[in-house]
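Undergrad:
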Amino acid sequence: MLIGFAAGLVLAKTMSLPEEQIALIGTVITLVTWLTDEAVKLPSKETRLGAVLHGSLRFLSLVGFIMALQSLATLNGLVA
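Quick look at the structure:
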């Protein structure tokens with residue numbers, strides 16, 4: 001619960017930044033989480049801990065991708 005609260009505060013603070021910086025942050029989040037999943041030896045996905053870790057990394061990667069995509073769409077005039 002505390003992690004979710006902290007993540008919410010960070011995202012709220014991030015949304016007050018210019019769109020270019022939000023797109024960059026989203027891209028970095030996506031790349032770091034994807035590279036972590038690929039490069040770091042994590043527990044197997046079949047174990048409970050492994051399933052939680054892999055799921056968390058994929059969710060963070062999705063959040064970063066959506067942040068970057070939405071910001072880039074705004075910068076290109078596709079979203080009002």
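Using the UniProt record's numbering, the final residue of the sequence shown is 80, and nothing's skipped along the way.
Ideal Cβ positions, reconstructed from N, Cα and C, are used throughout, including at glycine.
1) Around the Cβ of Thr30, are there at least 16 other Cβ atoms within 10 angstroms (buried) or fewer (exposed)?
2) Helix, strand or coil for Thr47 per DSSP?
3) So, under 8 Å CB-CB, Asp37 and Leu62 are touching, yes? Tell me the CB distance rounded to an integer number of Å.
4) Using only the alpha-carbon positions, how far apart do Gly26 and Leu78 sit?
5) Measuring CB atoms only, is the stretch 17–25 touching the stretch 47–56, in the sense that at least three cross pairs come out at less than 8 Å?
6) DSSP three-state label for Leu42, please.
7) Using C-beta distances below 7 Å, list every residue in its chain close to Ser44, excluding the 5 sequence neighbours before and after it, in chain order.
TA: Looking at the coordinates:
1) buried
2) coil
3) Contact flag wrong, Cβ pair sits at about 12 Å.
4) When rounded, the distance between both Cα atoms is 18 Å.
5) no
6) Reduced to three states, the DSSP call for Leu42 is coil.
7) Gly50
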